[in-house]
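Residues in the sequence shown are numbered consecutively from 136, following this note's numbering. Presented below is the structure to which this report refers.
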Amino acid sequence: MRLFQILIYMLALTIGGCLAFQHNIQFPHRSPKQLQYIEKVSESTPGVDFVSKGTPSSNPALNKQGKALFKTNCASCHNKNMKDDLVGPALNGVAARWKDYPEEDLYEWIRNSQSLVESKHPKGVSIWKEWNKAVMAPFPNLSDEDIAAILFYIEETSG
Ligand code: HEC
Numbered sequence: 136m137r138l139f140q141i142l143i144y145m146l147a148l149t150i151g152g153c154l155a156f157q158h159n160i161q162f163p164h165r166s167p168k169q170l171q172y173i174e175k176v177s178e179s180t181p182g183v184d185f186v187s188k189g190t191p192s193s194n195p196a197l198n199k200q201g202k203a204l205f206k207t208n209c210a211s212c213h214n215k216n217m218k219d220d221l222v223g224p225a226l227n228g229v230a231a232r233w234k235d236y237p238e239e240d241l242y243e244w245i246r247n248s249q250s251l252v253e254s255k256h257p258k259g260v261s262i263w264k265e266w267n268k269a270v271m272a273p274f275p276n277l278s279d280e281d282i283a284a285i286l287f288y289i290e291e292t293s294g
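Pasting the structure below:
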C-alpha cells in the first residue's frame, strides 16, 4: 500500500516537471502575465507612436488625435491608406492641391463642402463635379484644432 502511494507521488512529480519544462521552453524568463504587460506598455508608451511601418511621428500626440478623428469621421469615405480612392478621393497631398487658395478654404470645405460649391469656389466646384456631384457629409462640429490635427495626420500618413 505504501509503495503504491510513493508511485503515485512520483508520477505526479514527473507530469508536473514536464509541464513546467514545456512552459519554460515557450517563455524562458517571462510568465504569460508579464508578457501581456510588456505588450500593453509598448502600445501605450508616449513618444513612440509609429505612423506607418517604422516611421516615428514628429508629433505623436497630434498624430494620435488626428488619427482618432479621421477614423470616426472620414474613414468611411476616404481610404485610410490615403493612396486609393473609396467613396471619396484619396487624400494624400490634399493640402498641396489647395495651396492656391487661403488655408481657410480647405477648412471650410471640410466643415461644409456644399457652402463652397454654392459660393462657386473654383476648387470646390471642380472637385465636386469630378466626383459626379456626390455630397460629402458636413462636419460643423469640428474645430480648427480638430481639422489641423486631421490634416497633420493625413500629411504624415501619406509619407
Ligand atoms: C459620406 C462620405 C464622406 C465623408 C464621411 C467624408 N468625405 Fe471628404 N469627400 C467625399 C467626396 C464624395 C468627395 C469628393 C468631392 C465631392 O463630391 O463633394 C470628398 C472630398 C474631400 C476633400 C477634397 C479632396 C481634394 O482632393 O481636394 C477633402 C479635403 C475631404 N473630402 C476631406 C474629408 C475629411 C477631412 C473628412 C472627415 C472629417 C471627410 N472628408 C469625410 C466624401 C466624404
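Virtual Cβ for every residue (Gly too), placed ideally from N, Cα, C. Since the structure is predicted, the reported quantities are computational estimates derived from the model, not experimental observations.
| query | result |
| --- | --- |
| Since residue 122 and residue 210 should fall inside the 8 Å C-beta cutoff, what is the C-beta to C-beta distance between them, to a whole number of angstroms? | The requested residue 122 does not occur in the structure, where the chain is confined to residues 136 to 294. |
| For residue 196, is the beta carbon positioned less than 7 Å from some heavy atom of the ligand HEC? | no |
| Between the region 187–201 and the region 254–268, can you find at least three pairs of beta-carbon atoms closer than 8 Å? | no |
| Comparing the CB of residue 206 with every heavy atom of the ligand FMN, is any distance shorter than 7 Å? | This structure simply doesn't include the ligand FMN; it includes the ligand HEC instead. |
| With a threshold of 7 Å, establish whether the CB of residue 256 neighbours any heavy atom of the ligand HEC. | no |
| Tell me the DSSP secondary structure of residue 257 in three-state form. | helix |
| Ignore the nearest five residues each way along the sequence and tell me which others in residue 103's own chain have a CB closer than 6 Å to its CB. | In the structure as shown, the chain starts at 136 and stops at 294, and residue 103 therefore has no counterpart that could be examined. |
| Would you mind working out which of 222, 214 and 190 sits nearest residue 267, comparing C-alpha positions? | 222 |
| Confirm, please, whether the CB-CB distance from residue 273 to residue 254 is below 8 Å. | no |
| Please report how far the alpha carbon of residue 244 lies from the alpha carbon of residue 283, in whole angstroms. | 13 Å |
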